[in-house]
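So the working numbering is basically just the index in the sequence shown, starting at one, shifted up by 16. See structure below.
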Amino acid sequence: YKMHKGRGKQILTDTFSDLLPASIQTRKKMGFGVPLNHWFRNELKPLLFDVLLDQRAIDRQIFNPQAVEQLISEHLNRQWDHSARLWSLLVLELWFQTFLDPVSIPDHFPDPVLI
17 YKMHKGRGKQ ILTDTFSDLL PASIQTRKKM GFGVPLNHWF RNELKPLLFD VLLDQRAIDR
77 QIFNPQAVEQ LISEHLNRQW DHSARLWSLL VLELWFQTFL DPVSIPDHFP DPVLI
């Protein structure tokens, strides 16, 4: 149901065939961009520093912290658009933190709440 004659998501196209123009139904799949460039200079700026320059990331010795700082600085100062590089580094470090770093278990759990 996902593939029909080499076309993906055929069930979706069939379901909405009366609502979608033929030009949309038959066109090739299209990607879309995300405004990483803007986000890294604004909303995600703290995340860059918190994740990429975190002591755990530095201790891994995979990235040169000075080089990472330079990438961030050049991006924030609009000297270069390093958004793709920063995204790759960010995702890799978050993967390390999620799958390789040990899970910390608290020594003390809060008392249960009685209802």
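Glycine included, each C-beta is placed from N, C-alpha and C at the ideal position. None of the values given here were measured: they were computed from a predicted structure.
What three-state label does DSSP hand residue i in the structure shown?
i, result
"residue 78", "coil"
"residue 53", "helix"
"residue 89", "helix"
"residue 121", "coil"
"residue 70", "coil"
"residue 113", "helix"
"residue 108", "helix"
"residue 43", "coil"
"residue 30", "helix"
Distance, Cα to Cα, residue i vs residue j?
i, j, result
"residue 58", "residue 115", "28 Å"
"residue 53", "residue 99", "5 Å"
"residue 106", "residue 119", "20 Å"
"residue 51", "residue 61", "13 Å"
"residue 26", "residue 41", "9 Å"
"residue 90", "residue 28", "43 Å"
Counting only the same chain and skipping the five closest in sequence on each side, list residues whose C-beta sits under 6 Å from that of residue i.
i, result
"residue 74", "81"
"residue 108", "none"
Among residues of its own chain, excluding the 5 on either side of residue i, which ones have a beta-carbon nearer than 8 Å to its beta-carbon?
i, result
"residue 44", "none"
"residue 110", "67"
"residue 117", "72"
Suppose the cutoff is 7 Å on Cβ atoms and the five residues either side in sequence are ignored; what does the same chain contact list for residue i look like?
i, result
"residue 104", "none"
"residue 56", "64, 91, 99 and 102"
"residue 96", "90"
"residue 112", "76"
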